[in-house]
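Listed in order, the protein sequences are those of chains A and B.
The opening residue of the first sequence carries number 1 in the working numbering; numbering runs sequentially from there.
The opening residue of the second sequence carries number 410 in the working numbering; numbering runs sequentially from there.
Positions of the beta carbon are idealized from the N, C-alpha and C atoms, including for glycine.
All remarks here apply to the structure that follows.
2 protein chains.
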Amino acid sequence: MTDTASARMAVLAAEGGITTPLGFRSAALHSGIKTSDLDLVILAADVTATAAALFTSNLVKAAPVVLSQEHLRRTGGRVRAIVVNSGCANACTGDDGMRDARSMATMAADAIGCPAEEVLVASTGVIGVALDMPAIASGIATAARALTRGQGSSAARAIMTTDRFPKEGTVTVRTERGSFTIGGMAKGAGMIEPCMATMLGFLFTDAVVDPPLLHRALQDTAQQTFNAITVDGDSSTNDSLVALASGASGITVDEAIYPALVEGMVALSRELATAIVRGGEGATKLVAVTVSGAPGHSEAQTVARTIANSLLVKTAVHGGDPNWGRILAAAGRAGVVFDPARAMVRVGGTLLFENGLPHDDASPQAAEHLQGETIAIDVDLGFSPGASATIWTCDLSAEYVRINGEYRT
Amino acid sequence: MTDTASARMAVLAAEGGITTPLGFRSAALHSGIKTSDLDLVILAADVTATAAALFTSNLVKAAPVVLSQEHLRRTGGRVRAIVVNSGCANACTGDDGMRDARSMATMAADAIGCPAEEVLVASTGVIGVALDMPAIASGIATAARALTRGQGSSAARAIMTTDRFPKEGTVTVRTERGSFTIGGMAKGAGMIEPCMATMLGFLFTDAVVDPPLLHRALQDTAQQTFNAITVDGDSSTNDSLVALASGASGITVDEAIYPALVEGMVALSRELATAIVRGGEGATKLVAVTVSGAPGHSEAQTVARTIANSLLVKTAVHGGDPNWGRILAAAGRAGVVFDPARAMVRVGGTLLFENGLPHDDASPQAAEHLQGETIAIDVDLGFSPGASATIWTCDLSAEYVRINGEYRT
Numbered sequence: 001m002t003d004t005a006s007a008r009m010a011v012l013a014a015e016g017g018i019t020t021p022l023g024f025r026s027a028a029l030h031s032g033i034k035t036s037d038l039d040l041v042i043l044a045a046d047v048t049a050t051a052a053a054l055f056t057s058n059l060v061k062a063a064p065v066v067l068s069q070e071h072l073r074r075t076g077g078r079v080r081a082i083v084v085n086s087g088c089a090n091a092c093t094g095d096d097g098m099r100d101a102r103s104m105a106t107m108a109a110d111a112i113g114c115p116a117e118e119v120l121v122a123s124t125g126v127i128g129v130a131l132d133m134p135a136i137a138s139g140i141a142t143a144a145r146a147l148t149r150g151q152g153s154s155a156a157r158a159i160m161t162t163d164r165f166p167k168e169g170t171v172t173v174r175t176e177r178g179s180f181t182i183g184g185m186a187k188g189a190g191m192i193e194p195c196m197a198t199m200l201g202f203l204f205t206d207a208v209v210d211p212p213l214l215h216r217a218l219q220d221t222a223q224q225t226f227n228a229i230t231v232d233g234d235s236s237t238n239d240s241l242v243a244l245a246s247g248a249s250g251i252t253v254d255e256a257i258y259p260a261l262v263e264g265m266v267a268l269s270r271e272l273a274t275a276i277v278r279g280g281e282g283a284t285k286l287v288a289v290t291v292s293g294a295p296g297h298s299e300a301q302t303v304a305r306t307i308a309n310s311l312l313v314k315t316a317v318h319g320g321d322p323n324w325g326r327i328l329a330a331a332g333r334a335g336v337v338f339d340p341a342r343a344m345v346r347v348g349g350t351l352l353f354e355n356g357l358p359h360d361d362a363s364p365q366a367a368e369h370l371q372g373e374t375i376a377i378d379v380d381l382g383f384s385p386g387a388s389a390t391i392w393t394c395d396l397s398a399e400y401v402r403i404n405g406e407y408r409t
Numbered sequence: 410m411t412d413t414a415s416a417r418m419a420v421l422a423a424e425g426g427i428t429t430p431l432g433f434r435s436a437a438l439h440s441g442i443k444t445s446d447l448d449l450v451i452l453a454a455d456v457t458a459t460a461a462a463l464f465t466s467n468l469v470k471a472a473p474v475v476l477s478q479e480h481l482r483r484t485g486g487r488v489r490a491i492v493v494n495s496g497c498a499n500a501c502t503g504d505d506g507m508r509d510a511r512s513m514a515t516m517a518a519d520a521i522g523c524p525a526e527e528v529l530v531a532s533t534g535v536i537g538v539a540l541d542m543p544a545i546a547s548g549i550a551t552a553a554r555a556l557t558r559g560q561g562s563s564a565a566r567a568i569m570t571t572d573r574f575p576k577e578g579t580v581t582v583r584t585e586r587g588s589f590t591i592g593g594m595a596k597g598a599g600m601i602e603p604c605m606a607t608m609l610g611f612l613f614t615d616a617v618v619d620p621p622l623l624h625r626a627l628q629d630t631a632q633q634t635f636n637a638i639t640v641d642g643d644s645s646t647n648d649s650l651v652a653l654a655s656g657a658s659g660i661t662v663d664e665a666i667y668p669a670l671v672e673g674m675v676a677l678s679r680e681l682a683t684a685i686v687r688g689g690e691g692a693t694k695l696v697a698v699t700v701s702g703a704p705g706h707s708e709a710q711t712v713a714r715t716i717a718n719s720l721l722v723k724t725a726v727h728g729g730d731p732n733w734g735r736i737l738a739a740a741g742r743a744g745v746v747f748d749p750a751r752a753m754v755r756v757g758g759t760l761l762f763e764n765g766l767p768h769d770d771a772s773p774q775a776a777e778h779l780q781g782e783t784i785a786i787d788v789d790l791g792f793s794p795g796a797s798a799t800i801w802t803c804d805l806s807a808e809y810v811r812i813n814g815e816y817r818t
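Given below as structure tokens:
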């Protein structure tokens, strides 16, 4: 990972993962839900950690999401452990699914020695299929005895479904009071695999952060990172993003230190979130769509998201075609009022449209940029001073259609 | 075309087209905008017709759209002729584009002998390229001398861009006062080809209809037909739907006859609109997504549209996979509140999800249905009595990606 955060406060590290911060342990194993590969992980705090979480906004919520929301509500943001399985989403499984999710929490709580409501559950995999509970039960019992400190790289592998590579990293946050660490991992290829439902993200820190502040930091972070990626606009039934703070570093985050915490969480989450897009099924390019000169931030994000989700823009990027007409037409239907004659469109920094007219002479230069793997699309809506926002997406390839058309058949 | 309208009032005919109704003539020719094929057409009323039109809601509007809106505003809905070219959209062409659109109207008006503001202009083809005005000028002069009565099938061919087949038809509307005819034609493959911007539709009738009533009928019709199709959710800069009434049949449409007019326009427009989806680039299946049991009509349409635009649903249909999980997850993110436990999902009439649980035993029967070319997806949101709406879409194939990724390069 590269250092995209300001060197001033938050430094991303090439090494490390979810349990690099002090006060956490993990164990991952193959329980038998998948035919092979790691498929179950327990993440545990040495003592009860403060917690914040964001879950899918989809009305159709998987059982583990419903259960975890209930537990967080009851404890007011206190978590001792998280059990995660891959291979089965436990979504659309009715009352039996809720009972299974509850059993997972109880089994982990019993093995670790904490109240069941201090355990969160996350599942990812096929929708509409029941969990193999005997496999899960024996997996939880074994994993609870095997919890170890360290980077937690096997945890990052155990939560994968069709991910092409694990996504993990750490960031060290330096403050006047001393340093603390944030470790993170994520899985998913955006919403590219809804039946493998879908995005899971975890951010652990050894700072001391009370639940309300941690929740605010997680919202601020998600807004700029995990909620700013899209693969195909489909949001899943299981999306979960969880932050835990063990406090083991002894560094307390208050309002003065808060910006450093958010900077660190954002720096790490941006790496994890863009890695999800980069690793998307069928994806060959990471595309940053930045809209500036917008009347407000939410308008900028709406236009950027509409461009990022346009099939015609995504196929043009895939085909290496700097098609500013498709970009402008997508912006024009986003529902945000602007004057097309004052808009500008750039691809890879090359100006292609301005004052209502194309710069077709610049097209070859923009086409050259589209041969790369990291693409920049910039649209200025012409308001001054205007707000801006970036959404990350990927190109749309025939491979995507093949994967999602052939899956399950 | 089959008779989908009630036999009581409106009867669809297998033969006939845009100028089958009395009082209209047309001429189509190859002017040179395209390298070959018909690319220019004049549609003319014998005397000034009443008119109504709907145009793209995209902020980025092509010059012919802006000009036609201006002309209709000035005349209050009176039109003598329409000039249409394919091969060049005259969109994003700045002041020069407006001047060219205005010239087209003036040249046609001069040749026919009417005020320029009684001429509408429609263009479809590549965005950001200037019209070949010498070719257009000579084409308009020649076509204006060649106007003939009849079906107008060459007009339906002249407005095609990458359409695989022309789309035209007529409907005879029987009323107590006598019969009148509606002829129609359309082009476009949905929004599948935004650079070939995009949907044009024309409905001519020989009934006597005043402009406000014709406008209301066109809105009622579009709502159920042309505005209820989607290919990829991208709306173009040139979309135009125009209705003209010549009055030549002598049958006057008032409030008593209005339902028959709308029934006829809807029956014809449904055929034309679904033909657009069927003929979409890369499309192999026509999919009717019907949402019922919704709290209101607009909520039903919102959910149906979200399902119809879901890449994951469209790829699953393409792959023959009756993936109710993707359908339900798309419904869940549409922004309409419902209880997933009360929802039902059917594919080809086969119940796949009910009471929060799948009916996986029925999966083979639904998979069999997906082998066909006309697919029915039905979702009941569980409100009673509920509203319903249908959106027509197509499957998403690797061929779509290939076409839109390779276009222009």
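Check                                                                                                                                                                 : Outcome
Chain B partners of A/Leu-328, CB-CB under 7 Å?                                                                                                                       : Val-469, Cys-501
Suppose you measure from the CA of B/Val-580 to the CA of B/Thr-639; what does that come to, to the nearest Å?                                                        : 24 Å
If we require 3 or more residues per run, which beta strand (DSSP E) segments fall completely within the segment 253-297 of chain A?                                  : 286-294
State the start and end residues of the unbroken alpha helix (DSSP H) segment that holds A/Ser-123.                                                                   : A/Ser-123 -> not in any alpha helix (DSSP H); beta strand (DSSP E) instead, spanning 119-126.
What would DSSP say about A/Val-209, mapped onto helix, strand or coil?                                                                                               : coil
To the nearest angstrom, how far is the alpha carbon of B/Gln-710 from that of B/Arg-742?                                                                             : 14 Å
Listed in chain order, which residues of the segment 155-167 of chain A have Cβ atoms closer than 7 Å to some Cβ of chain B?                                          : none
Using the C-alpha atoms, what's the distance from A/Ile-403 back to B/Ala-414?                                                                                        : The pLDDT assigned to B/Ala-414 is 37, lower than 50, so where the model puts this residue is not dependable; a value taken from the coordinates is nonetheless given after this. So the alpha carbons of these two residues sit roughly 40 Å apart.
Exposed or buried, what is A/Phe-180 when buried is set at 16 or more other beta-carbons lying within 10 Å of its beta-carbon?                                        : buried
State the beta-bridge partners of A/Leu-12 as determined by DSSP.                                                                                                     : A/Val-171
Going along chain A in order, which residues have a C-beta closer than 7 Å to the C-beta of B/Ser-806?                                                                : Val-401
Give the interface partners of A/Ile-127 over in chain B, defined as CB-CB distance under 7 Å, in chain order.                                                        : Gly-734
Residues in its own chain within less than 6 Å of B/Ala-422 by CB, not counting five upstream and five downstream?                                                    : Thr-579
With B/Val-450 as the anchor, note down where its beta strand (DSSP E) starts and where it stops.                                                                     : 449-464
Under 8 Å, Cβ to Cβ, is there at least one residue of chain B near A/Thr-302?                                                                                         : no
In the DSSP assignment, find the beta strand (DSSP E) that holds B/Lys-596 and state where it starts and stops.                                                       : 587-596
Just grab the DSSP bridge partners of A/Gly-94 for me.                                                                                                                : A/Gly-94 pairs with nothing; no bridge assigned.
Is it a yes or a no for the segment 666-681 of chain B touching the segment 617-634 of chain B, going by three-plus beta-carbon pairs under 8 Å?                      : yes
Determine the contact status of B/Leu-720 and B/Leu-650, defining contact as a CB-CB distance below 8 Å.                                                              : no
Answer with buried or exposed for A/Asn-355, where buried requires no fewer than 16 other C-beta atoms within 10 angstroms of its C-beta.                             : exposed
Report the three-state DSSP secondary structure of B/Thr-634 (helix, strand or coil).                                                                                 : coil
Rounded to whole angstroms, how far is the Cβ of A/Thr-148 from the Cβ of A/Ala-27, which I believe are closer than 8 Å?                                              : 6 Å
Using only the alpha-carbon positions, how far apart do A/Phe-383 and A/Arg-342 sit?                                                                                  : 8 Å
Does the beta-carbon of B/Ala-550 have 16 or more other beta-carbons within 10 angstroms, so that it is buried, or is it exposed?                                     : exposed
Given a cut-off of 8 Å on the beta-carbon distance, is the pair A/Arg-74 and A/Ala-45 in contact?                                                                     : no
Based on Cα-Cα distance, which residue from A/Ala-387, A/Glu-15, A/Asp-239 lies nearest to A/Pro-295?                                                                 : A/Ala-387
Please confirm whether B/Ala-657 and B/Leu-431 have their CB atoms less than 8 Å apart.                                                                               : yes
Specify, as a first and last residue, the run of the beta strand (DSSP E) that B/Leu-653 falls within.                                                                : 649-654
Any idea if B/Phe-574 is buried or exposed, counting beta-carbon neighbours within 10 angstroms, 16 or more meaning buried?                                           : exposed
So, for A/Val-129: in the same chain, excluding its five sequence neighbours on each side, which residues have a beta-carbon less than 6 Å away from its beta-carbon? : Cys-88
Could you tell me which of B/Trp-733, B/Lys-694, B/Leu-449 sits nearest to B/Ala-771, measuring between CA atoms?                                                     : B/Trp-733
Note down, in chain order, all residues in the segment 681-713 of chain B with a beta-carbon under 7 Å from any beta-carbon belonging to chain A.                     : none
Going by alpha carbons, who is nearest to B/Ser-532 out of B/Asn-636, B/Asp-509, B/Leu-623?                                                                           : B/Asp-509
Could you tell me the alpha carbon to alpha carbon distance between B/Met-594 and B/Thr-459, rounded to whole angstroms?                                              : 18 Å
Cβ of B/Val-582 within 8 Å of Cβ of B/Ile-568?                                                                                                                        : no
In chain A, which residues lie with their C-beta within 8 Å of the C-beta of B/Val-662?                                                                               : What B/Val-662 touches in chain A: nothing, since even the nearest Cβ is about 33 Å away.
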